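For the sequence shown, position 321 (counting from the first letter as 1) is numbered 320 according to numbering that gives the first Met the number 0, and the numbering increases by one without interruption.
Just so you know, even glycine gets a beta-carbon here, dropped at the ideal spot from N, CA and C.
These numbers were taken from a predicted model, which means no experiment stands behind them.
Here the structure comes first, spelled out in structure tokens, and everything after it is commentary.
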Amino acid sequence: MTGKPIIRPRRLRSTAAVRRLVAETRLAPSELVLPMFVADGIDAPVPISSMPGVVQHTEDSLRRAAAEAVDAGVGGLMLFGVPTSGDKDAVGSGADDPNGVLNRALSLLRNDLGDSTVLMADTCLDEFTDHGHCGVVSASGVVDNDATLERYVSMSLAQARAGAHMLGPSGMMDGQVGAIRAALDAEGFIDTAILAYTAKYASAFYGPFREAVGSSLTGDRRTYQQDSANRTEALRELSLDLAEGADIVMVKPAMSYLDILRDVAEVADVPVAAYQISGEYSMITAAAERGWIDRDAAILESLTSIRRAGASIVLTYWATEVAGWLR
Ligand code: PBG
0 MTGKPIIRPR
10 RLRSTAAVRR
20 LVAETRLAPS
30 ELVLPMFVAD
40 GIDAPVPISS
50 MPGVVQHTED
60 SLRRAAAEAV
70 DAGVGGLMLF
80 GVPTSGDKDA
90 VGSGADDPNG
100 VLNRALSLLR
110 NDLGDSTVLM
120 ADTCLDEFTD
130 HGHCGVVSAS
140 GVVDNDATLE
150 RYVSMSLAQA
160 RAGAHMLGPS
170 GMMDGQVGAI
180 RAALDAEGFI
190 DTAILAYTAK
200 YASAFYGPFR
210 EAVGSSLTGD
220 RRTYQQDSAN
230 RTEALRELSL
240 DLAEGADIVM
250 VKPAMSYLDI
260 LRDVAEVADV
270 PVAAYQISGE
280 YSMITAAAER
290 GWIDRDAAIL
300 ESLTSIRRAG
310 ASIVLTYWAT
320 EVAGWLR
């Protein structure tokens, strides 16, 4: 062939060594956070059928799995509590009870692990309310924003007292970050950080999580979680969370919202996290079980995509396993 030479981008893809050399996005165990479920009223771990490989832990199995995750090098643990249905009520009293399932587990883990990891707590009422909403419901049937903030404040203080390093308000109430920050500061918890669920969309992909936490929800969360049609709104939520004092901002779900993640990462001046949620886990797991996709490759590709889009921290149910691969 004569004339202009062909420009050959393939040259940098020609061997595994050159691909490794030029890779722009890498994964490290320290960026991965493991979400974990701890349940009351069970005497052995209970498998979550829609999330094969994930369980509701007893206190003992939680402590073992947490130690294993920390040994594997994961960056943090995000805890969710699953009370018995008898312990749920309209205002989620179990959430701020120091003897509630989540607060007890936080104390145990903080005692076991000290400052060797970042212990995070889900700060939301949905696991603890008998109606399953993330807040308290008014007489007219809507989730009452400001009454819910009072419950979040009380829950946050209980979690900080129990030993959480970082709180994850996930309920999408207006003003939640500011209310929690003010209360933490007033009580002297100035180093307790807030990982804000900044852009959290109402998503069908949370389906398996509802089984994971034994959710009582019958309706949906569309009056407080964002509409998947919207992009600009995420930036508004971001400005508010930053103004209210969020230390880290998060986008959730991850894979269907990579554009939002990119938007947020471009302007946020704090670390950006993304939550690879239950449905993302279950879809890959189910397709791999059928032999339709290569499980391990799909997991790594999904996590790499989330990092590439702009997350520096990723919550994933595969955190311990993937941390092991990356060592
Ligand atoms: C609500 C909450 C949810 C998840 C985390 N926190 C469920 C919801 O909003 O309905 C979902 C996590 C997942 O799907 O893995 N507190």
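{"Item": "Look at the alpha carbon of Val73 and the alpha carbon of Val142, and state the distance between them as a whole number of angstroms.", "Value": "35 Å"}
{"Item": "Since I believe Arg150 is in contact with Val345 (beta carbons under 8 Å), could you give me their beta-carbon distance rounded to a whole number of angstroms?", "Value": "Coverage of the chain is limited to positions 0 through 326, which leaves residue 345 absent and any answer about it impossible."}
{"Item": "What whole-angstrom Cβ distance do Ser281 and Met50 have, given they're in contact under 8 Å?", "Value": "6 Å"}
{"Item": "Could you check what DSSP says for Gln224 in three-state terms: helix, strand or coil?", "Value": "coil"}
{"Item": "Going by beta-carbon coordinates alone, are Ile310 and Ala272 separated by less than 7 Å?", "Value": "Here the sequence assigns Ala to residue 310, which means Ile is not the residue at that position. Cβ distance < 7 Å, so Ala310 and Ala272 count as in contact."}
{"Item": "Roughly how many whole angstroms lie between the Cα atoms of Val37 and Ala94?", "Value": "13 Å"}
{"Item": "Could you check the C-alpha separation between Asp145 and Thr231 for me, to the nearest Å?", "Value": "24 Å"}
{"Item": "Among residues of its own chain, excluding the 5 on either side of Gly244, which ones have a beta-carbon nearer than 8 Å to its beta-carbon?", "Value": "Val176, Gly177, Arg180 and Ile193"}
{"Item": "Is the CB-CB distance between Ile283 and Pro252 below 7 Å?", "Value": "no"}
{"Item": "Considering only the alpha carbon of each residue, which of Ala228, Arg221 and Val263 lies closest to Arg235?", "Value": "Val263"}
{"Item": "To which residues of the same chain is Thr197 closer than 8 Å at the C-beta, ignoring the five residues directly before and after it?", "Value": "Ala233, Glu236, Leu237, Asp240, Ala245, Val248, Met249, Val250 and Val263"}
{"Item": "Looking at the unbroken beta strand (DSSP E) that takes in Gln158, where does it start and where does it end?", "Value": "It is not in any beta strand (DSSP E) - Gln158 instead sits in the alpha helix (DSSP H) that spans Asn144 to Ala161."}
{"Item": "For Gln175, which beta-bridge partners are listed by DSSP?", "Value": "Paired residues: none, contrary to the question."}
{"Item": "Can you tell me which residues fall inside 6 Å of the ligand PBG, judged by beta-carbon distance to its nearest heavy atom, and keep chain order?", "Value": "Asp121, Cys123, Asp125, Cys133, Ser169, Tyr205, Phe208, Arg220, Ile276 and Ser277"}
{"Item": "Pick from Pro28, Ile189 and Gly162: whose alpha carbon is nearest that of Leu107?", "Value": "Gly162"}
{"Item": "What distance in whole Å lies between the Cβ atoms of Ala66 and Leu76, which are believed to be in contact at a cut-off of 8 Å?", "Value": "That pair is no contact at about 10 Å."}
{"Item": "Would you kindly work out how many angstroms separate the C-alpha atoms of Pro270 and Gly2, rounded to a whole number?", "Value": "49 Å"}
{"Item": "Quickly, what does DSSP pair Tyr196 with across the bridge? List them, please.", "Value": "Met249"}
{"Item": "According to DSSP, Ala272 sits in a beta bridge with which residue or residues?", "Value": "Met249 and Ile312"}
{"Item": "In whole angstroms, give me the CA-to-CA distance for Gln224 and Ala285.", "Value": "27 Å"}
{"Item": "Can Gly329 and Val54 be called in contact, C-beta distance under 7 Å?", "Value": "With the chain covering only 0 through 326, there is no way to say anything about residue 329."}
{"Item": "With H, G and I counted as helix, E and B as strand and the rest as coil, what does DSSP make of Met165?", "Value": "strand"}
{"Item": "Measuring only the C-alpha atoms, how far is Glu126 from Ala201?", "Value": "17 Å"}
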